[in-house]
Each structure stands twice: as structure tokens, then as C-alpha cells.
Amino acid sequence: MLLLDKHRPKDTSEIFGQDIALRELKRCIINKIPGVLTGSSGIGKTISVYAIANELNYEVVESNSSDIRNKEGIEKVIGIASKQRSLFHKGKIILIDEIEGLTGRYDRGGISAIVDVIKKSNFSVVLTTNNVKSKNFSAVKKVCNVINFEILNYTTITNILKNVCNKEKLKIEENILKNLAIKSNGDARAALIDLELFRYGDFSNIDFVSRDITNEISNVLRVIFKSRNSSDIFKVFDSLHEDLDEINLWLEENLPKEYSGFDLARGFDSLSKADVYKGRIAKRQYYRFLVYRSLFMSAGIGLAKEEKKQGHIKYSRNSRILKMWIWSNKNAKKKSISQKIAKNIHTSSRKVIKDFCYYRNLIDSDFIKKLELNEDEIEWLHKH
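Take the position in the sequence shown, starting the count at 1, then add 750; the result is the number in our numbering.
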């Protein structure tokens, strides 16, 4: 389990830097006053709702704007939930996350439907957004209490990281945690993801990556998804000095946020063709194909849409590679021990890994010496 999920705050005492917002949110929930939480990503808007719900023994019915999309979806999912009593909890909170996703051409009627739900709901309704100042939310602001969540300073994020490290018994120097906090630009979620990256690595020699690159990639993605000028798209894409595999992860993750229907199919078709050229480059060592790969990843995806989706979308990196990397590191010791066992008993390491529980029981102190296991491998054996 990722640190981000494992150490999700269970009550408000575990949430840092948002005391004023938490008090106001709790007051609104108890008194069934609709609220809209506003502030940048990763500062605790959504987790605050769940923390307060735990304290009050309330059920949270959550929907993301990307799931419900339009008036019909909102009335069907949220409308019904806002009128039915909770079977096992004292009360209920209707949470609609990231309402900025309801401002596109295909989401017409979504905001007005939310306002209707708020007016008719028997329970507390809480909305979240990165920017409530948008003119699209004027109707929402008329019926909701606006609650501002502050950007977290690096000291607060450092304390969050310290708290997680203490619980995980991770020994990491404070200056490293401070650097992680500074690089996060006020995003506690991003800081925890970075901590996850270094959890199994060498903490004494960390090459910190500035989050400026996130902003650069986001800006390029915005041009790809919003523009239909192929020349402009390719020019901006070409100016981004970043590995194409890294950009591919961002495109793969965010295409469904911007495109739908045939646009989405054409977008992924273009991305798949870029992947074909990646394979051809590796097979033939013909690097002029990089131009074609870049074209399909930029102008190809940009021209796949009939028209751009309105509204601001928060882009994020695909976490699939991170999860694979974490899993690989977790099993690295098991793999190295299995290889040493296989060499000594003249079998394949794959067979040893498959039947590791059996071979584990055969390992005694003499066999450990024979295998020439290092201290880390011996420690791993004792723990497992």
C-alpha cells in the first residue's frame, strides 16, 4: 500500500495547517449548510471531509464530476443519494469532487443540477474545486458557503513527512525532508509521492527533481489538448526537453480527462502509433523515426479532437511505473537470495522463487554462510 493511502488522516487532529477551514467545514456539515471547498491540489480538501465524517460517524457519498458528467447523471446518482437515509451511520455527507470538470460543452446543465440537489438535499452537501472564482461557479457560490483551504508552507509539509516517517520507522535526515517539502510547492500529496519514491533507495544521495518540470509538462499538455494548430503544437512540444517516455505517461493519464467518445479513440490511436515507432527505433536503431514518434504524440493527439473541452483540468502523472518500481524493489532481496540458493542446489531461480516458502524453511545458519548472504539479505530473511 502506498504511503499516501496508508497514512490518510482518520480525524482532523491528523490534518496539518488547515485549522480555520476545518472548524468552518465541521460547522457547515453539522448544521447542513452547503459548502464549497476551494484551494490548490494536495492541501487536504477531500480528506478533511472524510476526517470530519469519521468523527461524526457520518457516511460519505462521493462522486467525481468526471463520473457524473451531466444533468441526467447528477440527478440519477447524487439526487437519489441526497434523499435516502443512511442505514448504518448517524448522518450523511454528499461530496462532489472537482466540480471544475462540469464546465465543458458536453456537461451542460451539470452546475444547475448540482444547485437543485443542494436546495433539495436532506443532508450536508460539500463541493470541491481548485478555483471557485471562475464565472461558471457563480450559481454555486450563491447557495454555498465558500471555505478557503490555505496553501501549505514547507514547514507544515516537513512536519507531515516527519509524522509519516515516525510511523513507518524510516530514518531520513531532516534536511532531506525539508528539500522534499520545498520541491512540492505546497502540495502535500506530491511530497508524499516523492517520499515513496525514495523509501527503498539511498537516502544519503538523493537527486531532487524540481516540480517546475511538472508545470512545464502541464503547459505543453494544455497546448496539445486545447489547440488545433499542428505547427504550434509541435513547436511547443519540441521545446520541452524531457524524455519521451515520461511525456507518454502524462499523455496516457490525462487523455481521458480531456477527450471522450471518438476523440478519445482517435487520441489513443495516435498514441499507440507513437509507441509503434518507439519499437521500430529500438529494433532498427533508426533514430530518424523519433520525428514521427514526436509528431504522433503532439500534433497527432492535438488534431484528434473535433473541438476543445472548456474548463481547467488538473493534469497528473501516471503512477503505474512508480507502483511497478516499488513492487520490484520490495522483491529484490527475495530474488537475489533465490538466485544464490538456485546456484547452490543446481536448479533454476524461477523454481526457487515459486516455492520460496519451502526453501525458506531449509535455510539455517550454516546454509546462510554457505550462500554468502549479505547483512541486508539476512535481515530480510528474519523479517519474512
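Where is the CB? At the ideal position from N, CA and C, for every residue including glycine.
| request: Pick helix, strand or coil for LYS921, following the three-state DSSP scheme. | output: Taken through DSSP and simplified to helix, strand or coil, LYS921 comes out as coil.
| query | Buried or exposed: which applies to TYR856, given that a residue is buried once 16 or more other Cβ atoms fall within 10 Å of its Cβ? | reply | Note on TYR856: pLDDT 45, under 50, position unreliable in the model; the coordinate value appears next. Exposed: under 16 other Cβ atoms inside 10 Å.
| query | Relative to the C-alpha of ASP1019, which residue among ILE1031, LYS1058, LEU1001 is closest? | reply | LEU1001
| Neighbour-count burial assignment, GLN768, 16 or more Cβ in a 10 Å radius | By the neighbour-count rule (16 or more Cβ atoms within 10 Å), GLN768 is buried.
| said: Just to check my reading of the structure: LYS1059 and GLU1008 have Cβ atoms closer than 8 Å, yes? What is that Cβ distance to the nearest angstrom? | reply: 5 Å
| Rounded straight-line distance, which links the Cα of LYS928 to that of THR905 | Linking THR905 to LYS928 through their CA atoms gives a straight-line distance of about 7 Å.
| field | Cβ pair count under 8 Å reaching 3, the region 894-909 against the region 769-788 | value | yes
| request: Report the three-state DSSP secondary structure of GLY1029 (helix, strand or coil). | output: It is helical.
| Three CB pairs or more closer than 8 Å across the region 775-790 and the region 909-929 | Between the region 775-790 and the region 909-929 there are fewer than three inter-stretch CB-CB distances shorter than 8 Å, so the stretches are not counted as touching.
| request: Tell me whether ASP957 sits in a helix, a strand or coil according to DSSP, three-state version. | output: Model confidence at ASP957 stands at a pLDDT of 45, short of 50, so the residue's coordinates are unreliable; what they give is reported in the following sentence. Note: ASP957 maps to coil in three-state DSSP.
| request: Rank SER1098, LEU1131, THR1097 by C-alpha distance to the C-alpha of CYS1107 and give the top, closest one. | output: It is LEU1131.
| said: By alpha-carbon positions, which one of ASP866, ASP761, LEU1040, CYS915 ends up nearest to ASP995? | reply: LEU1040
| query | Is DSSP giving SER874 helix, strand or coil here? | reply | strand
| message | Considering Cα atoms alone, identify which of ILE967, ALA1054, TYR1027 is closest to PRO1006. | response | Proximity to PRO1006 across ILE967, ALA1054, TYR1027 peaks at ALA1054, based on C-alpha coordinates.
| message | With three or more C-beta pairs closer than 8 Å as the rule, is the region 794-813 touching the region 758-766? | response | yes
| Going by alpha carbons, who is nearest to SER862 out of THR879, LEU1123, ILE849, ASN872? | ILE849
| field | Three-state class that DSSP yields for SER862 in the structure shown | value | helix
| request: Confirm, please, whether the CB-CB distance from GLY1050 to ILE983 is below 7 Å. | output: no
| query | Between LYS842, ALA889, SER1048, which lies nearest to LEU990 when the distance is taken from Cα to Cα? | reply | Restricting attention to LYS842, ALA889, SER1048, the CA atom closest to the CA of LEU990 is found in SER1048.
| Best match in LYS921, SER791, LEU999 for proximity to GLY936 [C-alpha to C-alpha] | SER791
| Delimiting residues of the alpha helix (DSSP H) encompassing LYS891 | 888-893
| So what does ASP879 bridge to, in DSSP terms? | A small correction: the amino acid at residue 879 is Thr; Asp does not occupy that position in the sequence shown. The partner list for THR879 (beta bridge, DSSP) reads THR788.
| Endpoints, the alpha helix (DSSP H) within which LEU999 is located | 994-1008
| field | Close-in-space but distant-in-sequence residues of the same chain around ILE1103 (CB under 6 Å, 5 per side omitted) | value | SER1088
| message | Going by DSSP, what residue range makes up the beta strand (DSSP E) through LYS1059? | response | Note, LYS1059: premise wrong, no beta strand (DSSP E); not H, not E.
| Taking C-beta to C-beta, are ILE843 and VAL890 nearer than 7 Å? | no
| field | Cβ-based burial, TYR1036 [other Cβ within 10 Å; buried from 16] | value | exposed
| CB contact flag (LEU1045, VAL914, <7 Å) | no
| said: Could you compute how far the alpha carbon of PHE1117 sits from the alpha carbon of LEU1014? | reply: So the alpha carbons of these two residues sit roughly 57 Å apart.
| query | So, using beta-carbon positions, are LEU845 and VAL876 closer together than 7 Å? | reply | Yes, Cβ-Cβ distance for LEU845 and VAL876 is below 7 Å.
| For the alpha helix (DSSP H) that LEU806 lies in, which residues bound it at each end? | 795-806
| field | Under 7 Å between C-beta atoms of ALA940 and ALA931 | value | no
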